[in-house]
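What follows is a set of notes on a single structure, which appears directly below.
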Amino acid sequence: MMYDAEQSLEVIEEAGSSVADLLQQIAEHKGCGTSGGSGKASCGSAAGSGDLAPEIWEKVKNHPCYSEEAHHHYARMHVAVAPACNIQCNYCNRKYDCANESRPGVVSEKLTPEQAAKKVLAVASTIPQMTVLGIAGPGDPLANPAKTFKTFELIYNTAPDIKLCLSTNGLMLPDHVDTIAKYNVDHVTITINMVDPDIGAQIYPWIFYQNKRYTGREAAQILTDRQLLGLEMLTERGILCKVNSVMIPGVNDKHLVEVNRAVKSRGAFLHNIMPLISAPEHGTVFGLTGQRGPTAQELKALQDSCEGEMNMMRHCRQCRADAVGLLGEDRSAEFTTDKIMEMEVDYDIDSRRAYQAKVEVERQAKVTAKQTELETLAGEMSDVKILIAVATTGGGRVNEHFGHAKEFQVYELSTGGAKFVGHRRVDLYCQGGFGDEDSLESVIRAINDCAAVFVAKIGGCPKTDLLKAGIEPVDQYAHEFIEQSAIAYFKDYLARIRSGEIEHIVRGDADIRQGAFING
Ligand code: CLF
Ligand code: SF4
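Numbering-wise, the sequence shown is residues 357 to 876 according to my numbering.
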């Protein structure tokens, strides 16, 4: 969004929170609310329904955002039909034609509902593992209800196997709950950054509601009331709700524990705490005032503390409002309006289903391999935990070369097994035949908290530098399943500690690279 001319740049007061304060506060937090809600479920774990009710499992099993496990196999797409917004967030600046920047709110093209419908069919025919259509901006979908619901109607009628998904700031949500239900939109994300209007006033300079502009505390009070009411109305109707929260150190970082309780008690299924994306070149208030985002350790500590009773999403890529593909890849350049208008689209639901059946076979093989490996960990007694970084192009396998990786997936290994805990976007190391030393430094900073990096292949030079930095390059599991390999590695790691071959060292913090992946 271009900033409104009337809007002054507020100086955001530094709340004076230090990492130590935050970690201490998190350490004291005894888990989030325990009553109400959809309950703790297994969406982040395996390709099985776990303790989920069958109707919930049906909704999440192939949704790449609602199931961490599914995101290795299934893709989503966004259509940018909703340009306007009715509030201002201090971290947002909506931009068009910005091919080099990737964060929510940035798109290359706005679409009409009819163009969007054609694009969905074109993508679904080309990428059979695309299971979810989301409308997430670049403004707020419910500030553009006619375009948003027209798009859903067109897709609902022509591609009934595609799940419909909506992401909103929640201001207008209570007014649209019935229409959301009517079009079978069974996944709704609400961005809730606060439940305290004093904190809200530091994040939202204004809202526009019922033909009137509100500012400061009053604006934040209206927003939080409407968000929480909308959340309750949706969950009462059985619509699955995810809450996104932007972690803004010194503003709402400690407060997000309270937000977690509030949304859990109102039935939210999943909580996605994301790092603030903030840089001066984005032109946002927070970017211009130098508001920093969290480090990897700060983000993980907060997510861990909220995980007690509620599923935490840790695989969000903070995608563009026109993203296409697996989370972590962007194929939107293949589907520009010019290209899709020329495409002959043959929407063949049977071949999509046949392809997805093959994906399921692979997915199940992965889960079985993990379980089998996990059984071999039984009896291991150790409180050692390590992080590893993995280069992957998807499918849950170690199948990317170190030099070609644009992100690394991070797993935490312990005697409990291998758990996905996040991802790190990096600069490409391989620059067309030679390695870029500056990029290598930034890669090392991004995975500095990891004991090892799993790759399909790696050259001699980066290997040496990684070893110097205390990160072990591991290519022995090339093309194998990630979690099975990680558990095998961890068993060996414990054995090497016991034999005195290595010493377990607690690693330091790592950088979170600003912005999500863009196809370069
Ligand atoms: Fe899109 Fe959002 Fe639906 Fe997913 S994204 S509307 S729930 S289909 Fe997903 Fe992207 Fe994160 Fe959003 S990774 S920004 S959480
Ligand atoms: Fe930007 Fe979304 Fe906030 Fe609107 S609600 S200002 S589009 S981040």
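Note that the Cβ used here is the ideal one computed from N, Cα and C, for glycine as well.
Nothing here was measured: the structure is a model prediction, and the numbers come from that model.
Counting only the Cα atoms, Leu850 lies some 42 Å from Ile546.
Three or more Cβ pairs closer than 8 Å define a contact, and the segment 543-563 meets that threshold against the segment 443-450. Looking at the DSSP output, Cys597 sits in a beta bridge with Val544. Ala808 is bridged by DSSP to Ile744 and Glu828. For Asp496, the shortest separation between its Cβ and any heavy atom of ligand 2 lies below 8 Å. Judged by DSSP secondary structure, Tyr845 falls within the alpha helix (DSSP H) whose first and last residues are Ile838 to Ser855. For Lys598, the shortest C-beta to heavy atom distance toward ligand 1 is below 8 Å. When DSSP assignments are scanned along the segment 661-703, the uninterrupted stretches of beta strand (DSSP E) that are 3 or more residues long and fall wholly within it turn out to be 667-669. Not one heavy atom of ligand 1 is found less than 8 Å from the C-beta of Ser481. In this structure, DSSP gives Arg582 a helical state, which the three-state scheme calls helix. The C-alpha of Leu467 is placed about 21 Å away from the C-alpha of Gln674. Across the set Pro605, Val599, Leu590 and Ile548, the C-alpha of Ile548 shows the shortest separation from the C-alpha of Ile578.
Assigned with DSSP and collapsed to three states, Ser634 falls in coil, not helix or strand. Taking Gly751 as reference, the option from Glu414, Trp413, His429 and His419 with the minimal CA-CA separation is His429. Judged by pairs of C-beta atoms under 8 Å, the segment 649-669 touches the segment 590-604, as three or more such pairs exist. Using a Cβ-Cβ distance cut-off of 8 Å, the segment 415-428 and the segment 484-491 are in contact, since at least three pairs of beta carbons, one from each stretch, lie closer than that value. In the three-state reduction of the DSSP assignment, Gly495 falls in the coil class.
Per DSSP, Thr514 is one residue of the alpha helix (DSSP H) stretching across Pro501 to Thr514. In this structure Asn500 touches Pro439 by the C-beta definition: roughly 7 Å separates them, less than 8 Å. By the 16-neighbour rule on beta-carbons within 10 angstroms, Leu683 is buried.
The shortest CA-to-CA distance from Leu585 to any of Tyr565, Ala844 and Pro530 is the one to Pro530. By the criterion of a C-beta distance shorter than 6 Å, Asn608 is surrounded in its chain by Asn549, Met550 and Ile555, once the five residues flanking it on both sides are discounted. Leu822 and Gly773 have their C-alpha atoms roughly 25 Å apart. Secondary structure of Met589 (DSSP, three-state): helix. Excluding residues up to 5 positions away in sequence, Pro484 lie with their Cβ nearer than 8 Å to the Cβ of Ser707 in the same chain. Membership of Gln485 in any alpha helix (DSSP H) is not indicated, and neither H nor E is assigned to it by DSSP. Tyr711 sits in a helix when the DSSP states are folded into three classes. Nearest C-alpha to Met630 among Ala807, Phe776 and Met669: Met669. Beta-bridge partners assigned by DSSP to Glu768: Leu743 and Lys775. With respect to the C-alpha of Pro553, the residue from Ala575, Val533 and Val437 having the closest C-alpha is Ala575.
Taking each of Leu587, Glu859 and Gly815 in turn and checking the Cα distance to Asp534, the smallest one comes out for Leu587.
If the five residues before and after Ile861 are omitted, its C-beta is found closer than 7 Å to the C-beta atoms of Gly826, all from its own chain and listed in chain order.
Here DSSP, grouped into helix, strand and coil, assigns Arg450 to coil. Ala492 is the residue among Glu414, Ala492, Tyr447 and Trp413 whose C-alpha sits nearest the C-alpha of Arg432. Judged by DSSP in its simplified three-state form, Gln647 adopts coil rather than helix or strand. Minimum Cα-Cα distance from Leu596 among the listed residues Leu632, Leu520 and Val701 corresponds to Leu520.
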